[in-house]
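Under the numbering used here, the first residue of the sequence shown is numbered 877, with each subsequent residue one higher. Quick reminder that beta carbons are idealized off the backbone N, C-alpha and C, glycines included. Have a look at the structure below, then the notes.
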Amino acid sequence: MSQAFLILVVFLSLSFVSRAQYDFFYFVLQWPGSYCDTSSSCCYPTYGKPPSDFGIHGLWPNNNDGSYPSNCDSSYPFDEYEIQDLLSSMDTNWPSLSCPSSDSTSFWSHEWSKHGTCAESVFNEHDYFQDALSLKGQVSILQCLNSAGNTFEIS
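The following block contains the structure:
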């Protein structure tokens, strides 16, 4: 595969959010098997191999013109304590595949700092991660693809 990893993007309209400095969100999922099948390789999280399923890569504010805000507010740094009740679900649904192996905290911190702080008018840190997890739980992309006759596994 020529891309670094397969990304599935779901567009989420935010027309109801008048305070937002962006037009919509990308809800980005990645396929671990594709990510790991690159020249840069991958490393499984320290807590084990992720499930054979699409994992969350991020929830990214974006604009209709293709631009996007990033790293918007450093006064709201990532605080793992804020998502303590989500950690088990985060481990399963939002694993880091970057090397060296980690517990995914640096990946989540990066996503919050780069994208989540730009959505501060809509989400606090807990809601940002909780809503991304909730979106993933609403539809099983893997199940839809398997039902259509495709088979996906992480090698």
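*Span separating the alpha-carbon of SER928 from that of CYS918*: Annotation: SER928 to CYS918 spans about 15 Å, alpha carbon to alpha carbon.
_What would DSSP say about GLY931, mapped onto helix, strand or coil?_
strand
*If you compare alpha carbons, which of TYR911, LEU973, PHE999 and ILE932 is closest to GLN1014?*
ILE932
*Relative to the alpha-carbon of THR993, which residue among PRO937, GLY924 and ASP941 has its alpha-carbon at the smallest distance?*
PRO937
*asked:* As a quick exercise: from SER950, LYS1012 and ALA995, pick the residue whose alpha carbon is nearest that of PHE900.
replied: ALA995
_Extract the residue ranges of the beta strand (DSSP E) inside the region 911 to 972, only unbroken runs of 3 or more that lie entirely within it._
931 to 938
*For ALA1024, does the count of other Cβ atoms within 10 angstroms reach 16, so buried, or fall short, so exposed?*
exposed
_Using only CA atoms, which one of TRP907, TYR898 and ASP979 lies nearest to ASN940?_
Closest by alpha carbon: TYR898.
*Do the CB positions of GLY934 and HIS1002 come within less than 8 Å of each other?*
Against a cut-off of 8 Å, the Cβ pair of HIS1002 and GLY934 comes out as no contact.
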